[in-house]
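Student: Sharing a structure with you now.
Here it is, written out as structure tokens:
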């Protein structure tokens, strides 16, 4: 999960590719630091 300088999500990176988005819905275990 990628965050901008304000801490807001702007995309997801996987296998070297980036998908940009406005919202990410996932299991909280993927975001242990948030």
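Numbering (our numbering), first residue to last: 66 to 99.
All residues carry an ideal CB built from backbone N, CA and C; glycine is no exception.
With the cut-off set at 7 Å, would you say residue 67 and residue 78 are in Cβ contact?
Tutor: Cβ distance < 7 Å, so residue 67 and residue 78 count as in contact.
Student: List the residues that DSSP assigns as beta-bridge partners of residue 76.
Tutor: BP columns for residue 76 point to 67 and 85.
Student: So, are the CB atoms of residue 76 and residue 84 less than 7 Å apart?
Tutor: In contact: residue 76 and residue 84 (Cβ atoms closer than 7 Å).
Student: Report yes if the C-beta distance between residue 74 and residue 90 is below 7 Å; otherwise report no.
Tutor: Taking 7 Å as the Cβ cut-off, residue 74 and residue 90 do not qualify as a contacting pair.
Student: Among 86, 82, 80 and 81, whose alpha-carbon lies nearest the alpha-carbon of residue 69?
Tutor: Comparing Cα-Cα distances from residue 69 to each of 86, 82, 80 and 81, the minimum goes to 86.
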